[in-house]
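Chains as they are written, first to last, in the working numbering: chain A, 1 to 215; chain B, 1 to 215.
Even for Gly, the Cβ is constructed at its ideal location relative to N, Cα and C.
Source: prediction; values computed, not measured.
What follows is a short report on a single structure.
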DNA sequence: GCACCAAGTAAACGAGCGTTCAGGGGCTTC
DNA sequence: GAAGCCCCTGAACGCTCGTTTACTTGGTGC
């Protein structure tokens, strides 16, 4: 993981990981462990066996590298959520469960990536950050949509206060809960990813007052 | 917590905020807005109308300043939680509701402080961070205790998987949910602090399968 | 009046940052 | 074998950081 091939790769038959991918991976790991502002360009490149200057053959700046990493993670998450919901039939309860399961499994499995995407977003400049926030809102709105449909059909009964419901607040609460699994979940513990997903799906269904069904 | 009044307070009639408090407040604000590593000592001191060097009359280092801030916030939170639970009678449902209400109200009202305490902890060095983590575990264990008592008495029925319960995981899920209100709640919105607290308490009770009662 | 001392200033320190750039190897293409 | 292109190196740039230092100030106790 330190020095790789300082001068010449000598082009062996088996493909080495291209440098741009090595940089992405090294940056991911270090941002996750220590945080964007304290990880230096020198750190990242040393981990790839390159020198600092080489970064700028692949990325315009350190900021662009971070955005590249976060944006790809976020886009993949959005894609997975949409896919899970679309493939879960018509019942809002099934849709909600599928959404939560996918979301939690993803945040257990790709803890590092999730952690970076959620913690380091603040270091991006304005235009880069807007891009990410749009995707987050989109994911929240998927959830709001599911809840709204469930309320319409009478299978959900989320808490109301003063006779008013706030599906956005409920959605944010559920998402916060699921997102931050990545902050403390450790693989190999008592509960596996799938069990965590099951636990969270059950809690979500209960929270929104889902009428029991033969799931 | 550092130097207070070593010889004489000089006691003028109208109290000015002592500089050490002004520094704390300015640091709080700026850490919250921009994050510990990018806020400079110069920034903090300029906000107090002082020069950089003056910081070191009150704190040993920038790191110690952060720890001072986080530790006092965290200690106050722990105290509030204990007090809320102790004053909520004997029913685990009432205890859980009281805990969540206090926790959520606190995280709505002191968003800035909560945000710093939760986001910037990673910049502390090892011994400082251990101190904070102990307090967090203590808070989690209050919650675990409430749930355990509730299960014993048959008033809670948290989700189980493969016949096993994991009260720690459930507690972490509830805490994550409540903690991160501070990341998006804005005062003056549709829901006030008390209403948020009510919403979250209701969701928590539902999540753990509380038997309905005449609250 | 005078020594004392906390608390402030202003300048300087060395280190480390992100970024740039001239130079130079090893490909591929003629 | 010459040309052109990637991609790298290694030194340097200008800047800012946290911290230290020497010095000044103003209130207090004897």
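One or two residues paired with residue i in a DSSP bridge
i, result
"residue 124 of chain B", "Paired residues: none, contrary to the question."
"residue 161 of chain A", "A:164"
Min CB distance residue i to chain B below 7 Å
i, result
"residue 38 of chain A", "yes"
"residue 180 of chain A", "yes"
"residue 159 of chain A", "yes"
"residue 202 of chain A", "yes"
"residue 166 of chain A", "yes"
"residue 176 of chain A", "yes"
"residue 140 of chain A", "no"
Residue i at chain A interface by Cβ criterion, 7 Å
i, result
"residue 192 of chain B", "no"
"residue 198 of chain B", "yes"
"residue 232 of chain B", "Chain B is shown from 1 up to 215; residue 232 of chain B falls before or after that span and cannot be answered."
"residue 207 of chain B", "yes"
"residue 169 of chain B", "yes"
"residue 215 of chain B", "Residue confidence for residue 215 of chain B is low, a pLDDT of 48 falling below 50, so the modelled location carries little weight and cannot support an answer."
"residue 16 of chain B", "Caution is warranted here: a pLDDT of 49 is assigned to residue 16 of chain B, below 50, making its placement in the model unreliable, and the coordinate value is therefore given only provisionally. For residue 16 of chain B, the answer is no, since every Cβ of chain A falls outside 7 Å of its Cβ."
Burial state of residue i, where buried means 16 or more other Cβ atoms lie within 10 Å
i, result
"residue 211 of chain A", "exposed"
"residue 22 of chain A", "buried"
"residue 56 of chain B", "exposed"
"residue 290 of chain B", "Since the first residue shown for chain B is 1 and the last is 215, residue 290 of chain B is missing from the structure and cannot be characterised."
"residue 126 of chain B", "exposed"
"residue 159 of chain B", "buried"
"residue 141 of chain A", "exposed"
"residue 198 of chain A", "buried"
"residue 186 of chain A", "exposed"
"residue 177 of chain A", "buried"
"residue 92 of chain A", "buried"
"residue 74 of chain B", "buried"
"residue 42 of chain B", "exposed"
"residue 90 of chain A", "exposed"
"residue 113 of chain B", "buried"
"residue 150 of chain B", "buried"
"residue 259 of chain B", "An answer regarding residue 259 of chain B cannot be provided, because it is not within the stretch 1 to 215 covered by chain B."
"residue 52 of chain B", "exposed"
"residue 19 of chain A", "buried"
"residue 33 of chain B", "exposed"
"residue 72 of chain A", "exposed"
Can you list, in chain order, the residues of the region 29-53 of chain B whose Cβ is nearer than 7 Å to any Cβ on chain A?
For the region 29-53 of chain B, which is checked against every Cβ of chain A, the residues closer than 7 Å are 35, 37, 38.
Name the residues in the region 116-138 of chain A whose C-beta lies less than 7 Å from a C-beta of chain B; which are they?
Hits within the stretch, in order: 122.
Using a Cβ cut-off of 9 Å, which residues of the region 73-100 of chain B contact any Cβ in chain A, in chain order?
Cβ contacts with chain A come from no residue of the region 73-100 of chain B.
At which residue ranges does the region 174-215 of chain A contain complete beta strand (DSSP E) runs of 3 or more residues, listed in the order of the chain?
Taking only runs of at least 3 residues, no beta strand (DSSP E) segment lies wholly in the region 174-215 of chain A.
Of all the alpha helix (DSSP H) runs that stay within the bounds of the region 6-86 of chain B, which reach a length of 4 or more residues?
Here the runs fully enclosed are 19-34, 41-47, 62-86.
Contiguous alpha helix (DSSP H) assignments of at least 4 residues, all confined to the region 101-147 of chain B
Segments of the alpha helix (DSSP H) lying fully in the region 101-147 of chain B: 111-119.
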